[in-house]
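*Asks:* Per my numbering, the sequence shown starts with residue 944, numbered consecutively. Yeah, the Cβ is synthetic: ideal placement off N, Cα and C, and Gly gets one too. The model shown is predicted, which means the values in this text are computed figures rather than measured ones.
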Amino acid sequence: KEIAELIKGFLKERGLELSAEKTHITHIDVGFDFLGWHFRKYKGKLLIKPSKKSIDNATHKVGDIIKKAKAWNQEDLIDALNPIILGWSNYHQTVVSKKVFNKLDHRTWNMLWKWAKRRHPHKSKTWIVKKYWHTEGSRNWVFITERNRLKLFSDTKIVRHISLKLDKNPYLDSEYFKLRKLRQKALKMSDRCKTRWDKLKDSLCT
944 KEIAELIKGF
954 LKERGLELSA
964 EKTHITHIDV
974 GFDFLGWHFR
984 KYKGKLLIKP
994 SKKSIDNATH
1004 KVGDIIKKAK
1014 AWNQEDLIDA
1024 LNPIILGWSN
1034 YHQTVVSKKV
1044 FNKLDHRTWN
1054 MLWKWAKRRH
1064 PHKSKTWIVK
1074 KYWHTEGSRN
1084 WVFITERNRL
1094 KLFSDTKIVR
1104 HISLKLDKNP
1114 YLDSEYFKLR
1124 KLRQKALKMS
1134 DRCKTRWDKL
1144 KDSLCT
């Protein structure tokens, strides 16, 4: 109650109200979900991870597309999956997501394998692998065609979160938050450049 009253006072000064229906106060060691993330303190350290609900939603979205794709060719399936994979992984790239990305890649691979086997029930596993999965640069088992390639969740690099100065107020220190946002964009751009350079090196070596 004391915390709720403090927050109410803070918001009231800014013309805002705290919704009693949507507000839930819990201990940080227990954790809570917010905006697709799970916040919890582990051994004194706060960790933010994709929530179980968000992970399950991503799995269902990928699975629903693959189920609809019974008669689709590989290119159309990749075109449908890539925006889902990129959108979800970009959203979660600033939190502790590496293990989750790998888990979702594994789930996606299993669903694609079942999709491929259903399309060719009388073909051998070796034949199916050679048709749909190839080597690209130094990477094996790439779900790829001549025109496009399936993105992996783990292709998205984790971007370190820039710590927020606790004495800064977004309503009073707008210049600080503008500079912080620019720095975050710069880090993302440098990460994209590194990814493109790595791909270029792979293509030059093949």
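Report the rounded CA-to-CA distance for F982 versus F975, giving the unit in angstroms.
*Replies:* Walking along the sequence shown from the start, residue 982 turns up at place 39. Walking along the sequence shown from the start, residue 975 turns up at place 32. Looking at the two C-alpha atoms, the distance is approximately 5 Å.
*Asks:* To test your reading of the DSSP string, which unbroken alpha helix (DSSP H) runs of 4 or more residues are found completely within the segment 986–1027?
*Replies:* Listed in chain order, they are 995–1011.
*Asks:* Give the C-beta separation of I888 and S1040 to the nearest angstrom, bearing in mind that I take them to be a contact with Cβ-Cβ under 8 Å.
*Replies:* Here the chain comprises residues numbered 944 to 1149, so residue 888 is not present and cannot be evaluated.
*Asks:* Checking the sheet assignment: what are the DSSP bridge partners for K984?
*Replies:* Position 41 of the sequence shown, counted from the start, is the residue given in the question as residue 984. Paired residue(s): L989.
*Asks:* Evaluate Y985 with the Cβ neighbour count: other Cβ atoms within 10 Å of its Cβ, from every protein chain shown; 16 or more gives buried, anything less gives exposed.
*Replies:* Along the sequence shown, one-based indexing puts residue 985 at 42. When all chains shown are included, Y985 counts as exposed.
*Asks:* Quick one, which of K1011, W980, D1007 has its alpha-carbon nearest S996's?
*Replies:* Walking along the sequence shown from the start, residue 996 turns up at place 53. A quick correction: the sequence has Lys, not Ser, at residue 996. Per the Cα distances, W980.
*Asks:* With DSSP as the reference, label I1087 as helix, strand or coil.
*Replies:* Looking up residue 1087 in the sequence shown gives position 144. It is a strand residue.
*Asks:* Might you give, ordered along the chain, the residues of its own chain that have their beta carbon closer than 8 Å to the beta carbon of K1033, omitting 5 neighbours on each side?
*Replies:* Your numbering for residue 1033 matches position 90 in the sequence shown. Per the sequence shown, residue 1033 should be read as Asn rather than Lys. Within the same chain, N1033 has close Cβ partners T1099.
*Asks:* Counting C-beta neighbours from all protein chains within 10 Å, is the total for H1049 16 or more, i.e. buried, or is it exposed?
*Replies:* The count along the sequence shown starts at 1 and reaches residue 1049 at position 106. Exposed.
*Asks:* Tell me the DSSP secondary structure of E1079 in three-state form.
*Replies:* As a working mapping, residue 1079 is identified with position 136 in the sequence shown. In the structure shown, E1079 sits in a strand (DSSP, three-state: E or B).
*Asks:* For N1053 and R1090, what's the separation of their Cα atoms in angstroms?
*Replies:* On the sequence shown, residue 1053 is found 110 positions in, with the first residue counted as 1. On the sequence shown, residue 1090 is found 147 positions in, with the first residue counted as 1. Straight-line Cα distance between these residues: approximately 23 Å.
*Asks:* So what's R1050 in DSSP terms, helix, strand or just coil?
*Replies:* By 1-based counting over the sequence shown, the position of residue 1050 is 107. The answer is helix: DSSP assigns R1050 an H, G or I state.
*Asks:* In three-state DSSP terms, what is R957?
*Replies:* Here residue 957 refers to the residue found at position 14 when the sequence shown is read from its first residue. R957: coil per DSSP, three-state reduction.
*Asks:* Does the Cβ-Cβ distance between V1005 and L1024 come in under 9 Å?
*Replies:* Here residue 1005 corresponds to residue number 62 of the sequence shown, with the count starting at 1. Here residue 1024 corresponds to residue number 81 of the sequence shown, with the count starting at 1. In contact: V1005 and L1024 (Cβ atoms closer than 9 Å).
*Asks:* Comparing C-alpha positions only, which one of G1080, W1058, R1082 sits nearest to I1071?
*Replies:* Here residue 1071 corresponds to residue number 128 of the sequence shown, with the count starting at 1. Minimum Cα distance to I1071 is reached at W1058.
*Asks:* Under 9 Å between the Cβ atoms of K1074 and H1063?
*Replies:* Here residue 1074 refers to the residue found at position 131 of the sequence shown. Here residue 1063 refers to the residue found at position 120 of the sequence shown. Yes.
*Asks:* Could you tell me whether the Cβ atoms of T969 and A947 are closer together than 9 Å?
*Replies:* Here residue 969 is taken as the residue at index 26 of the sequence shown, counted from 1. Here residue 947 is taken as the residue at index 4 of the sequence shown, counted from 1. Going by C-beta atoms, T969 is not nearer than 9 Å to A947.
*Asks:* Do T1051 and L1095 have their beta-carbon atoms positioned less than 9 Å apart in this structure?
*Replies:* Your numbering for residue 1095 matches position 152 in the sequence shown. Your numbering for residue 1051 matches position 108 in the sequence shown. Their beta carbons are under 9 Å apart, which means L1095 touches T1051 by this criterion.
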